[in-house]
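S.K.: Before we start, here is the structure in question, set down as structure tokens.
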Amino acid sequence: MKTQLMMVGLIIVAIGFALAYGIVRKSPKGHVIKKLIIFAYAPLAIWSVAFFAICLMYAGITLSWVWLWPLIAVFSGLRIIMLWAEIEGHPLVKIPGGLRIAYRILFVAGLCLFLLVEGKIVGAMTAEVPTGLDYVIVLGAGIRGDQPTNPLRKRIEKAAEYMKENPDTILIASGGKGTDERISEAECIRQQLTEVYGIDNDRIIMEDQSRDTIENLENSKAIIGDADAFCGIITNGFHEYRAMLIADHAGYRNVHPVPATTLLPVGIHYLVREFFGVIQCWVTYM
Numbered sequence: 001m002k003t004q005l006m007m008v009g010l011i012i013v014a015i016g017f018a019l020a021y022g023i024v025r026k027s028p029k030g031h032v033i034k035k036l037i038i039f040a041y042a043p044l045a046i047w048s049v050a051f052f053a054i055c056l057m058y059a060g061i062t063l064s065w066v067w068l069w070p071l072i073a074v075f076s077g078l079r080i081i082m083l084w085a086e087i088e089g090h091p092l093v094k095i096p097g098g099l100r101i102a103y104r105i106l107f108v109a110g111l112c113l114f115l116l117v118e119g120k121i122v123g124a125m126t127a128e129v130p131t132g133l134d135y136v137i138v139l140g141a142g143i144r145g146d147q148p149t150n151p152l153r154k155r156i157e158k159a160a161e162y163m164k165e166n167p168d169t170i171l172i173a174s175g176g177k178g179t180d181e182r183i184s185e186a187e188c189i190r191q192q193l194t195e196v197y198g199i200d201n202d203r204i205i206m207e208d209q210s211r212d213t214i215e216n217l218e219n220s221k222a223i224i225g226d227a228d229a230f231c232g233i234i235t236n237g238f239h240e241y242r243a244m245l246i247a248d249h250a251g252y253r254n255v256h257p258v259p260a261t262t263l264l265p266v267g268i269h270y271l272v273r274e275f276f277g278v279i280q281c282w283v284t285y286m
């Protein structure tokens with residue numbers, strides 16, 4: 001899958017460069033920076049359209065924030081049109097110099113913030129997992145009927161792997177029952193671990209009242225009863241950094257990421273979407 005995604009990405013970049021070249025090749029000389037920006041926006045526009053189609057194919061229109069990709073494509077397309085018009089000497093809109101400077105400053109600042117946050121997300125995704133944890137908390141992620149969704153399935157797989165390698169660790173299965181779910185997420189986690197992976201039921205504690213990550217971690221901390229307990233959080237890699245922020249706010253003092261697989265290709269969408277979740281946490285908790 002990774003190799004296929006890289007190939008698709010390279011093809012999209014090549015198409016984007018070809019499109020940008022077709023736009024600027026007969027334009028007046030000069031305007032080097034504007035032309036280079038077009039060469040950046042063209043692949044971004046095509047990638048956003050293609051990835052939007054991929055997200056719909058794999059996850060459907062109900063995927064949260066999926067509208068972000070056509071929005072990026074429209075913005076990129078508008079910027080290409082505006083830059084091309086400026087290069088041709090017929091700007092579509094005459095923007096005051098001060099407003100241009102403010103836009104550029106905000107754009108660069110926003111890009112730097114995005115890269116900073118994504119760096120922290122990737123850092124948590126690739127964190128070294130400690131051995132010998134007292135507890136691991138598996139965060140719920142929705143189920144269909146009584147079966148785990150793909151993200152939750154990966155969390156359960158990671159939990160089973162860790163429990164087998166660390167026989168003294170206790171697991172807290174965390175997650176309540178949604179209106180369209182037959183059983184609680186916690187019960188689904190327990191069933192999968194015991195029936196599919198052969199984990200001893202005595203090593204699993206149920207927390208089946210929570211409705212979101214905040215309640216997952218607050219309720220689990222109440223069960224543990226010790227803020228200094230050596231704990232790990234099992235969730236998909238893209239979600240680990242935000243989960244750690246929430247755990248810190250909830251009062252955990254010795255907690256560590258235990259990242260499960262982030263599924264591709266939709267995982268790329270989750271990585272980008274997670275930026276906004278982290279910003280919300282920073283504003284709320286810091």
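In the working numbering, the protein residues as written are 1 to 286.
Where a beta carbon is used, it is the ideal one built from N, C-alpha and C, also for glycine.
Can you find the residues in the same chain that come closer than 7 angstroms, C-beta to C-beta, to V13, ignoring five residues on each side of it along the sequence?
M.R.: Around V13: P43.
S.K.: Using the Cβ count rule (16 or more neighbours within 10 Å means buried), how would you classify M57?
M.R.: Exposed, since its Cβ has fewer than 16 Cβ neighbours within 10 Å.
S.K.: Which residues in the same chain have their Cβ closer than 7 angstroms to the Cβ of V258, if we skip the five residues on either side of it in sequence?
M.R.: Around V258: V129, V136, K158, Y162, G232, I233, I234.
S.K.: For I183, I'd like the list of residues in its chain whose CB is within less than 6 angstroms of its CB, leaving aside the five on either flank, ordered along the chain.
M.R.: The residues are D146.
S.K.: To the nearest angstrom, how far is the alpha carbon of G9 from that of R211?
M.R.: Straight-line Cα distance between these residues: approximately 37 angstroms.
S.K.: Between M286, I279, V283, which has its C-alpha nearest L115's C-alpha?
M.R.: Among M286, I279, V283, the Cα nearest to that of L115 belongs to I279.
S.K.: If I15 sits next to I46, beta carbons under 8 angstroms apart, how far is it from one beta carbon to the other, in whole angstroms?
M.R.: Yes, they are in contact, since the Cβ atoms of I15 and I46 sit about 6 angstroms apart, within 8 angstroms.
S.K.: Can you name the start and end residues of the alpha helix (DSSP H) that H269 belongs to?
M.R.: Residues 266-285.
S.K.: In chain order, what residues of the same chain lie with their CB nearer than 6 angstroms to the CB of V117, ignoring the 5 residues before and after it?
M.R.: Here the set comprises F275, V278.
S.K.: For I121, which of helix, strand or coil comes out of DSSP?
M.R.: If DSSP states are grouped into helix, strand and coil, I121 belongs with the helices.
S.K.: Please confirm whether I189 and G140 have their CB atoms less than 9 angstroms apart.
M.R.: Closer than 9 angstroms, so yes.
S.K.: I'd like to know whether the C-beta atoms of N216 and K154 end up nearer to each other than 9 angstroms.
M.R.: Not closer than 9 angstroms, so no.
S.K.: Is L92 near A85, with beta carbons less than 9 angstroms apart?
M.R.: In this structure, A85 lies closer than 9 angstroms to L92 by Cβ.
S.K.: Who are the near neighbours of P151 in its chain, counting only those whose CB is closer than 6 angstroms to its CB and skipping five residues on each side?
M.R.: Closer than 6 angstroms at the Cβ level, and outside the excluded window around P151, lie A141, N236.
S.K.: Considering only the beta carbon of each residue, do A59 and V272 sit closer than 9 angstroms?
M.R.: Taking 9 angstroms as the Cβ cut-off, A59 and V272 do not qualify as a contacting pair.
S.K.: Looking at the strands, I want to know which residues DSSP matches up with H239.
M.R.: Answer is none; H239 lacks a bridge partner.
S.K.: So what does I137 bridge to, in DSSP terms?
M.R.: In the DSSP output, where bridge partners are listed per residue, I137 has I172, I233.
S.K.: Compute the Euclidean distance between the alpha carbons of V283 and L106, then round it to the nearest angstrom.
M.R.: Answer to the nearest angstrom: the Cα atoms are 18 angstroms apart.
S.K.: Quick check on the burial criterion: 16 or more other C-beta atoms within 10 angstroms. Buried or exposed for H90?
M.R.: It is exposed - the Cβ of H90 has fewer than 16 other Cβ atoms within 10 Å.
S.K.: Drop a sphere of 10 angstroms on the beta-carbon of A227, count the other beta-carbons inside from all chains shown, and report buried for 16 or more, exposed for fewer.
M.R.: That one is exposed.
S.K.: Enumerate, from N- to C-terminal direction, the unbroken alpha helix (DSSP H) stretches of 4 or more residues contained entirely within the segment 10-90.
M.R.: DSSP runs (the alpha helix (DSSP H)) wholly in the segment 10-90: 32-59, 68-87.
S.K.: Rounded to whole angstroms, how far is the Cβ of T262 from the Cβ of M125, which I believe are closer than 8 angstroms?
M.R.: Rounded, the Cβ-Cβ distance is 7 angstroms, consistent with contact.
S.K.: Whole angstroms is fine: what's the gap from F230's alpha carbon to G110's?
M.R.: The alpha-carbon atoms of F230 and G110 are separated by roughly 36 angstroms.
S.K.: Measuring CA to CA, which of A186, G176, F52, Y285 is closest to W67?
M.R.: Nearest of A186, G176, F52, Y285 to W67, Cα basis: F52.
S.K.: Mapping DSSP to helix, strand and coil, what is Q4?
M.R.: Helix, per DSSP.
S.K.: Taking the C-alpha atoms as reference points, what is the distance between A73 and K34?
M.R.: Cα to Cα, A73 sits roughly 18 angstroms from K34.
S.K.: Can you round the beta-carbon distance between S48 and P28 to whole angstroms, since I take them to be within the 8 angstroms contact cut?
M.R.: 29 angstroms between Cβ atoms; not a contact.
S.K.: Write down the C-beta distance between V269 and L63 rounded to the nearest angstrom, noting that I regard them as a contact closer than 8 angstroms.
M.R.: A quick correction: the sequence has His, not Val, at residue 269. That pair is a contact at about 7 angstroms.
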